[in-house]
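**Student:** Here it is, the structure, as structure tokens.
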Amino acid sequence: MSQTNDTNSSFHPSEIPVVIYCRVSTDRQEEDGESLEYQEEKCLQYAKLHNYKVIKVVKEAKSGYIHYSLREQLTLARHLIHDELAKVLIVFDLRRLSRNFVHSAIIFEEIEQAGGSVVSVSENIDNSLTGKLIRSILAWSAESERHKIVEYANRHWQNRLAQGLPMATGRAPYGWDWTDEDKTSYTLNPELAAIRFSLFYMFIDLDMSLRSIAHKLTEDNIPPPSATRNEKKTAKGWYPETIRQMMIDEKNIGTLTICKVTYILSESGKKVARPNKNMRKIPNAMPAIIDAERHSMVLRKLELNKIEKSNSPKKVENFLLRAGYIYCGECKTRMRAATDNKKGHEYHYYQCGYYNNKYTTCNARTRIQTQAVDKLVWEECCHIFERLELIQEVLEKEAEKAVGRLLDNTTANNHILQIETEISYAKEEQKRHTEGSYYYNLITQDIQNKKEQLQKYREEAQKSTPLISRADTYKKRIQNFIDFLRIMKGKYQQADYKEIRNALYILGVKVYINKLPHISKMPHEEYIIPNGKIHITYSPVLTGVQLSKDNAWEEPSDDDKQQLSLWS
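For the record, in the sequence shown the residue sitting at position 519 is 519 according to UniProt numbering, with numbers rising by one throughout.
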């Protein structure tokens, strides 16, 4: 996300140490042509022209409206000023600091009290009283500008919503094109619509599986959806999950769903999707590719496939890490259970999901005996169990937090969390100023506005229906695990398969196997895993528990839908 760069030029007494701060919004990386690289270039030119010594260039991609203390790189720059490692904070323009008037005033006050100053490259403003007045006006203008943008955007989308027009006005879905430049309706794309129709023909009429359809399209050099969107990184071929998602989509029968999700800023400053209370389904809003009866046949067949074809191994006890706990370190794909029969004996393995896939290959083709890795992983978990008191305290706290997250499935609840965080930060800042002072009154006004918003969202949250049953189930599962720790203390190796799987689930265990060297041996011989080839990660809530394995492995993004765990 954000990064820092050091400069190696020598320090001279005449040079003033400075730190450069660059920022763009998360929702738009190029903002009025002011990219991170452009901002950095202009700030470096300004520093060179005025004989400044650049000790650090910090960049980040976060909204300027979230609380300034939640922006890590801005916090780093402030600390450099506070620790007197830098005297000046250089920004391309004052909007880079914040789009909140109160936040901007607090940042300026904090830096000036530390003996530093803020320099804007595009606005030639000094630190005189007149300059401070102009600076305050610009900060107010930045916040006002943001409110106008939001108001215009909301009015634009509300008009489209009232008219039942498509809300996502970027690319047209695969198989359709926009009818006009205003994107008011869809028309069929003859070439892509034919490909989309062929999916149903192969799945229903030819009784082909999703995997065989994906292989067929890849062999015929049919470009996947990512290729038609002119993306920088395109898929090598078709994937079964892509085909499944395309077939279950109600757009195939002409039903358009608008306002599916809404995006909010989390307390960490990241943009997250939440269900939208304004979601609507509009029948016959776009040209249909198939009829409703054929679409229903697809849904029924997919449901039957779950029952008939998604079978677990005959002896699940031999695959402790199956179904989402072990991954290939090379391609980050979930490893599958496999069994070899040789001379009347069964030998069990985990192998990369692309191990035998000739279309999407894995260079490592990772394959490892289940017995070796299962034993090692469970021993590592037992080391954690030995810290019984600490892990019990962590899990009990996390159980309460997790239940709150489960119930927090509405926009109102997410706003409540964000506003409460901002109020707490504002109160901390308020304590640092004298009561009755200019900045104290500014913060007080900001807190009052936030409290009014908080009351509004709380009233909205009371109208929503929480997921009580799901929350109780999850909390009960954690409590059962805590009981397991008490009962099995010192006897963890005697745990049965179900207890072990529940422990892996609660701990958030994920195992990554790197490419293994080829070793000539008989299948019945024990496989010794070389050092550095296996990495085990645990739930982030257990960071206070000392681990005996490398826990610094970077967790890859997992597009597969996972069951709820402490990772969420």
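Positions of the beta carbon are idealized from the N, C-alpha and C atoms, including for glycine. Computed from a predicted model, the values in this text were never measured in an experiment.
At which residues does the beta strand (DSSP E) containing residue 341 begin and terminate?
**Tutor:** 335-342 is the span of the beta strand (DSSP E), which, as asked, contains residue 341.
**Student:** On the criterion of 16 or more Cβ atoms from any shown chain inside 10 Å, does residue 579 qualify as buried, or is it exposed?
**Tutor:** The chain is shown from 1 up to 568; residue 579 falls before or after that span and cannot be answered.
**Student:** At which residues does the beta strand (DSSP E) containing residue 16 begin and terminate?
**Tutor:** Where residue 16 is concerned, the enclosing beta strand (DSSP E) stretches over 16-24.
**Student:** Closer than 7 Å to a non-hydrogen atom of the ligand NAD - does that hold for the CB of residue 194?
**Tutor:** Questions concerning the ligand NAD fall outside what the structure shown contains, since it holds no ligand whatsoever.
**Student:** Taking only three categories from DSSP, how would you classify residue 173?
**Tutor:** Coil at residue 173, not helix or strand.
**Student:** If you count every other CB in all the chains shown that lies within 10 Å of the CB of residue 342, and 16 or more means buried, which is it?
**Tutor:** Exposed, since its Cβ has fewer than 16 Cβ neighbours within 10 Å.
**Student:** Out of 284, 274 and 249, which one is the CA nearest neighbour of residue 299?
**Tutor:** Nearest option by C-alpha distance: 249.
**Student:** Taking 8 Å as the limit between beta carbons, can you name the residues of its chain near residue 133, skipping five residues before and five after?
**Tutor:** Result list for residue 133: empty, nothing under 8 Å.
**Student:** Are three or more beta carbon pairs between the segment 217-227 and the segment 316-323 nearer than 8 Å?
**Tutor:** No, the segment 217-227 does not touch the segment 316-323.
**Student:** Measure the alpha-carbon distance for residue 423 versus residue 102 and round it to whole angstroms.
**Tutor:** Straight-line Cα distance between these residues: approximately 13 Å.
**Student:** Considering only residues of the same chain and omitting the five flanking positions on each side of residue 439, which have a CB-CB separation below 8 Å?
**Tutor:** Excluding sequence neighbours, residue 439 sits near 105, 106, 109 and 433.
**Student:** Please state whether the Cβ-Cβ distance between residue 515 and residue 380 is less than 8 Å.
**Tutor:** No.
**Student:** Mind listing, in chain order, the continuous beta strand (DSSP E) runs of no fewer than 3 residues lying wholly within the UniProt domain "Recombinase" (173-282)?
**Tutor:** List check, beta strand (DSSP E) in window: 176-178, 186-188, 256-258, 261-265, 271-275 and 280-282.
**Student:** If you draw a straight line from the C-alpha of residue 420 to the C-alpha of residue 454, how long is it?
**Tutor:** Those two C-alpha atoms are separated by around 7 Å.
**Student:** Does DSSP classify residue 367 as helix, strand or coil?
**Tutor:** Residue 367 falls in the strand class under three-state DSSP.
**Student:** For residue 573, count the other beta carbons within 10 Å of its own beta carbon; 16 or more makes it buried, fewer makes it exposed. Which is it?
**Tutor:** The question about residue 573 has no answer here: the residues shown for the chain are numbered 1 through 568.
**Student:** Are there 16 or more other CB atoms within 10 angstroms of the CB of residue 118, so buried, or fewer, so exposed?
**Tutor:** Label assigned to residue 118: buried.
**Student:** Three or more C-beta pairs under 8 Å: does that hold for the segment 497-512 against the segment 370-380?
**Tutor:** Yes: at least three Cβ pairs fall under 8 Å.
**Student:** Within the same chain, show all residues whose beta-carbon is closer than 6 Å to that of residue 67, passing over the 5 residues directly before and after it, in chain order.
**Tutor:** These residues qualify, in order along the chain: 422 and 425.
**Student:** Should residue 333 and residue 349 be called a contact, given that it needs their Cβ atoms to be closer than 8 Å?
**Tutor:** It is not a contact, given that the beta carbons lie outside the stated cut-off.
**Student:** Does DSSP put residue 295 in a helix, a strand or coil?
**Tutor:** The answer is helix: DSSP assigns residue 295 an H, G or I state.
**Student:** What does a CB cutoff of less than 6 Å around residue 58 pick up in its chain, not counting 5 residues either side in sequence?
**Tutor:** Around residue 58: 4, 21, 73, 76 and 77.
**Student:** For residue 24 and residue 202, I'd like the C-alpha separation in whole angstroms.
**Tutor:** Their Cα atoms are separated by approximately 46 Å.
**Student:** Am I right that residue 297 and residue 256 are in contact with their C-beta atoms under 8 Å? What's the rounded C-beta distance?
**Tutor:** Residue 297 to residue 256, Cβ: 22 Å. No contact.
**Student:** Note the first and the last residue of the continuous beta strand (DSSP E) segment covering residue 43.
**Tutor:** Note, residue 43: premise wrong, no beta strand (DSSP E); alpha helix (DSSP H) at 36-49.
**Student:** Taking residue 61 as part of the beta strand (DSSP E), name the residues at either end of that continuous run.
**Tutor:** It spans 52-61 - the beta strand (DSSP E) in which residue 61 sits, taken as one unbroken run.
**Student:** Kindly indicate which three-state DSSP category residue 66 falls into: helix, strand or coil?
**Tutor:** Residue 66 falls in the coil class under three-state DSSP.
**Student:** How many angstroms separate the CA atom of residue 54 from the CA atom of residue 41?
**Tutor:** One C-alpha to the other measures close to 12 Å.
**Student:** Would you please state the rounded distance, in angstroms, between the beta carbons of residue 253 and residue 295? I believe it to be under 8 Å.
**Tutor:** Correct: roughly 5 Å between the Cβ atoms.
**Student:** Look at the alpha carbon of residue 52 and the alpha carbon of residue 187, and state the distance between them as a whole number of angstroms.
**Tutor:** Answer to the nearest angstrom: the Cα atoms are 58 Å apart.
**Student:** Kindly give me the distance between the Cβ atoms of residue 225 and residue 174, rounded to whole angstroms, as I take these residues to be in contact under 8 Å.
**Tutor:** That pair is a contact at about 5 Å.
**Student:** Buried or exposed: residue 543, going by 16 or more other Cβ atoms within 10 Å of its Cβ?
**Tutor:** Summary for residue 543: the model assigns pLDDT 40, below 50, so the residue's position carries little reliability; its value from the coordinates is reported in the next sentence. Exposed.
**Student:** Return helix, strand or coil for residue 90, following the three-state DSSP convention.
**Tutor:** Three-state DSSP puts residue 90 in a strand.
**Student:** Per DSSP, what kind of secondary structure is residue 379 in: helix, strand or coil?
**Tutor:** Helix at residue 379.
**Student:** Out of 185, 177 and 200, which one is the CA nearest neighbour of residue 282?
**Tutor:** Residue 185 is the option with its Cα nearest to residue 282.
**Student:** In the DSSP assignment, what residue or residues form a beta bridge with residue 327?
**Tutor:** Looking at the DSSP assignment, residue 327 forms a beta bridge with 334 and 512.
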